[in-house]
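Line by line, the protein sequences are chains A, B, C and D.
Once you know that position 156 of the first sequence is 156 in the numbering used here, the rest is easy, because the numbers rise by one and skip nothing.
Once you know that position 133 of the second sequence is 1133 in the numbering used here, the rest is easy, because the numbers rise by one and skip nothing.
Once you know that position 113 of the third sequence is 2113 in the numbering used here, the rest is easy, because the numbers rise by one and skip nothing.
Once you know that position 65 of the fourth sequence is 3065 in the numbering used here, the rest is easy, because the numbers rise by one and skip nothing.
What follows is one structure encoded as structure tokens, with my remarks underneath.
Protein chains: 4
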Amino acid sequence: MTSKKMNKFELILDAAVKVFAENGYHGSQVSKIAKEAGVADGTIYLYFKNKEDILVSLFRERLGELVGKFEASARESATADEALRRICELHYTELEQNPTLAYVTQIELRQSSLELRKAIGQALKPYIDLIENVLVKGMDEGTFRAGTDVKLTRLLIFGAMDEVVTSWLISGRKYSLSGQIENTVSFFLRALKP
Amino acid sequence: MTSKKMNKFELILDAAVKVFAENGYHGSQVSKIAKEAGVADGTIYLYFKNKEDILVSLFRERLGELVGKFEASARESATADEALRRICELHYTELEQNPTLAYVTQIELRQSSLELRKAIGQALKPYIDLIENVLVKGMDEGTFRAGTDVKLTRLLIFGAMDEVVTSWLISGRKYSLSGQIENTVSFFLRALKP
Amino acid sequence: MTSKKMNKFELILDAAVKVFAENGYHGSQVSKIAKEAGVADGTIYLYFKNKEDILVSLFRERLGELVGKFEASARESATADEALRRICELHYTELEQNPTLAYVTQIELRQSSLELRKAIGQALKPYIDLIENVLVKGMDEGTFRAGTDVKLTRLLIFGAMDEVVTSWLISGRKYSLSGQIENTVSFFLRALKP
Amino acid sequence: MTSKKMNKFELILDAAVKVFAENGYHGSQVSKIAKEAGVADGTIYLYFKNKEDILVSLFRERLGELVGKFEASARESATADEALRRICELHYTELEQNPTLAYVTQIELRQSSLELRKAIGQALKPYIDLIENVLVKGMDEGTFRAGTDVKLTRLLIFGAMDEVVTSWLISGRKYSLSGQIENTVSFFLRALKP
DNA sequence: TATGAATGAGCCTTCATTCAT
DNA sequence: GATGAATGAAGGCTCATTCAT
């Protein structure tokens, strides 16, 4: 069994994703997560400081992986255009293929204190930075217009994609999210052209 | 005094904005709102179904006013370009001048159940529709590229602005939000040009 | 019904004496006290800050009454001898007639944090002071030996009586406590004679 | 090193005295005692039945030593007067020189169930008996008044000294405890003289 | 309408104890 | 004997909501 070797930390995190997605953060009792993970309530507290810490860890771990993929993907891209396209592709397809995670990150993780929101912001920082790097690279290449306000633009791009994902989730995932890649990227590239 | 005539409903709503902004939704006890409003706890329940209903009403009422302004502003605009610029102007300046409301709508209102998120979506619908109308108008005028996916683009535009506002709030309002209007609008217009 | 007029504060305090005496402080759940008092759990917290506050209030209220009696009794005494006798009489008879209160004050109230021990000490202060005053009076009268260390002696007297009461309780109240008055007082008076 | 030979039982007991003194009984987790002793949590249960048993053992062992000293000291005394003086001397000086033990026996050990209180009473029995023997000896010698109620008097004497020690501890040990020996003993002897 | 005292369901967390290794 | 990860029962407290006045 891999479950034997799979450490409790990951086990609990997996259970938490499921329970949070089904019941929301405030609707998820710690005991419910413990039950789902097949451990005792107290065991949770051997691996997490408290309930909120489960949420933060969830974000850090799972989003950390994603950000890693983003970085790898961007690195492989020859041009800034290509990099931006890949970022959007990954953003949409990863969340589309992982609707439970999408649900937790887009809906549940937002239901938290300012304290936590800042922690989340911290975890997202590398992603936002990645977008910024692509913008700088594009300007260096001459692909993107010189004088672009990168601090602002990275927010516009991230916010735009983020809203598309949330809207897709709230609609009940009635349409294809990856189907929006082409138009989304075109929108960004036109806006960025010199 | 208008306070004599000002009905309890508005009185409680005003108190709620203040209390929610100071303590967050989950940190705001109904009794605290009642105290701030100068009414008894029970009185709240003569005007609102439950605690969540205060939040929903708050959103509907206060955002309703805002959306009214948006519509009026858009109607006065001769061109779609102009209309889009005014929307962004209003979006940023209104929230910049009303940081308490901004805080509640951008941060606190998001800390809520899917149920409520849908209600909020409902309240925002007219605003999203307004953006859509401007896009259609622009295509009709020939100012915006034909074949623009309006359903997607309205989300990109709203999401982009929304993220900029949230980021500004979380940063502690250290810079001017209205100072971002020019670059934000340029970004959108370039993206939309034929 | 007096229970209609009897305020909840006293009602809860009475219930607490009973429950504490039966189960000890740590064995007494707040819910058990509430049930005994015939109120809801939450009601307790309208009258007391927390569980420990019930104990402190209990001490302050009930012991306050006792100390009042002691003071009245001492005031009526013509001589210091007489006053000391009355103090011992009251001390033993009041607790003998009120074994539940005796149990709580001698056994349960001691099972508490240093914090609480200090609060209890504060509540007992007037009683200790009263003994001190009697000692001073006796020295003035010439009944008690001059140069008696009142700070020490008041402790010796209080501690001696306190131990007798506790021992009587732990023994299961198998003998008469008031039957010890004569010998106890004689012991003190002999020790105090010039 | 004696620590090599010093068995775990004593090791844990020493750790317990320290931890109890610092945190109180209810504030002392078994794991904290284990850590202080440098053993695993589970090891505790190889030497003690449960948490309360640590407290009882502590009392029995450490107080047993003390009582041994008391007995030796009393045996060496020629007269009952002398014996009583030595008992008081030892009582005050031992606890004064060992404030940690004093704290545990006077304050923490009292924070316990009736069950435990009885066990403590049992451990103190030899000490109380010792006082009783001295009283009997004094009566035989003719030093103490005939007809003294020894069962009562031993309690008065023990309770008086006990209160002095507790009061000294609660005051923060601001004055000398051994400085109270002379007056305490005089008080007892006067009370006991024929 | 308005009040606010009373309700009581609900839940996170602690920690003494066990047991497979 | 020794370990320490795992257990899971237990309980103090909060607060949205009700209802007699």
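Every residue, glycine too, gets a C-beta built ideally from N, C-alpha and C.
Opening and closing residue of the alpha helix (DSSP H) in which residue i lies
| i | result |
| --- | --- |
| A1072/B | G1064 to E1076 |
| A1091/B | According to the sequence as given, residue 1091/B is His; it is not Ala. Residues A1080 to Q1097. |
| S2057/C | K2051 to L2058 |
| F2187/C | I2181 to L2192 |
| G953/B | Lying before the first or after the last residue shown, residue 953/B is absent from chain B, which here runs from 1001 to 1194. |
| G42/A | D41 to Y47 |
| A2016/C | K2008 to N2023 |
| E1036/B | V1030 to A1037 |
Same chain, Cβ closer than 7 Å to residue i, five either side skipped, listed in chain order
| i | result |
| --- | --- |
| R2062/C | L2101 |
| Y3127/D | V3067 and F3070 |
| L1116/B | E1052, L1055 and V1056 |
| R1060/B | A1123 |
| V185/A | L84, R85 and C88 |
| Q1180/B | Y1092 and V1164 |
| E132/A | V150 and R154 |
| L2192/C | G2138, F2144, R2145 and T2148 |
| D41/A | V30, S31 and A34 |
Neighbourhood of residue i by C-beta distance below 6 Å, restricted to the same chain and skipping five residues each side
| i | result |
| --- | --- |
| V1019/B | S1028, K1032, I1033 and E1036 |
| S2214/C | The requested residue 2214/C does not occur in the structure, where chain C is confined to residues 2001 to 2194. |
| S1178/B | Y1092, T1093 and E1096 |
| S3/A | At S3/A, the pLDDT of 44 sits below 50, so the modelled position is not reliable; the number obtained from the coordinates is stated separately. Excluding positions up to five away in sequence, the list is empty. |
C-beta contact flag for residue i and residue j at 8 Å
| i | j | result |
| --- | --- | --- |
| K3008/D | V3039/D | yes |
| L1058/B | V1017/B | yes |
| Q106/A | L169/A | yes |
| R1190/B | R190/A | yes |
| L130/A | I120/A | no |
| D1149/B | N183/A | yes |
| G1159/B | A160/A | yes |
| I2012/C | V2030/C | no |
| L3135/D | V2164/C | no |
| L2103/C | A2021/C | Looking at the sequence shown, residue 2103/C is not Leu but Tyr. Going by C-beta atoms, Y2103/C is nearer than 8 Å to A2021/C. |
| A2146/C | P2194/C | yes |
| K137/A | A78/A | no |
| F2187/C | L2084/C | no |
Chain D residues whose Cβ lies nearer than 9 Å to that of residue i
| i | result |
| --- | --- |
| V2056/C | Chain D residues near V2056/C: none, gap ~15 Å exceeds 9 Å. |
Within chain D, partners of residue i - CB distance below 8 Å
| i | result |
| --- | --- |
| V2067/C | Per Cβ cutoff of 8 Å: no residues; V2067/C is ~17 Å from chain D at best. |
Listed by chain order, chain A residues near residue i by CB distance under 8 Å
| i | result |
| --- | --- |
| V1134/B | Chain A residues near V1134/B: none, gap ~15 Å exceeds 8 Å. |
Closer than 7 Å at the beta carbon, the chain A residues around residue i
| i | result |
| --- | --- |
| D1162/B | G159 and E163 |
| G1121/B | I170 |
| F1187/B | T153, L156 and A191 |
Contact set between residue i and chain D, taken where Cβ atoms lie within less than 7 Å
| i | result |
| --- | --- |
| D2149/C | N3183 |
| Q2180/C | L3152 |
Neighbour list for residue i in chain A, Cβ cutoff strictly below 9 Å
| i | result |
| --- | --- |
| R1173/B | The contacting residues do not exist; R1173/B stays about 13 Å from chain A at best. |
Interface partners of residue i on chain B, CB under 9 Å
| i | result |
| --- | --- |
| R190/A | R1145, R1190, A1191, L1192 and K1193 |
Cross-chain neighbours of residue i in chain B, by beta carbon under 7 Å
| i | result |
| --- | --- |
| S167/A | L1155 |
Own chain partners of residue i with C-beta closer than 8 Å, once the 5 adjacent residues on each side are dropped
| i | result |
| --- | --- |
| T3166/D | Q3106 and I3107 |
| S3176/D | E3096 |
| L1046/B | K1008 |
| N23/A | K32 |
Cross-chain neighbours of residue i in chain C, by beta carbon under 7 Å
| i | result |
| --- | --- |
| K3118/D | I2170 |
Near the ligand NAP: residue i beta-carbon under 7 Å from a heavy atom
| i | result |
| --- | --- |
| T1153/B | You won't find the ligand NAP in this model; it holds no ligand whatsoever. |
Notebook entry, point to check: Quick check: the segment 2077 to 2089 of chain C against the segment 3128 to 3142 of chain D, are there 3 or more CB pairs under 8 Å?
Noted result: Short answer: they don't touch.
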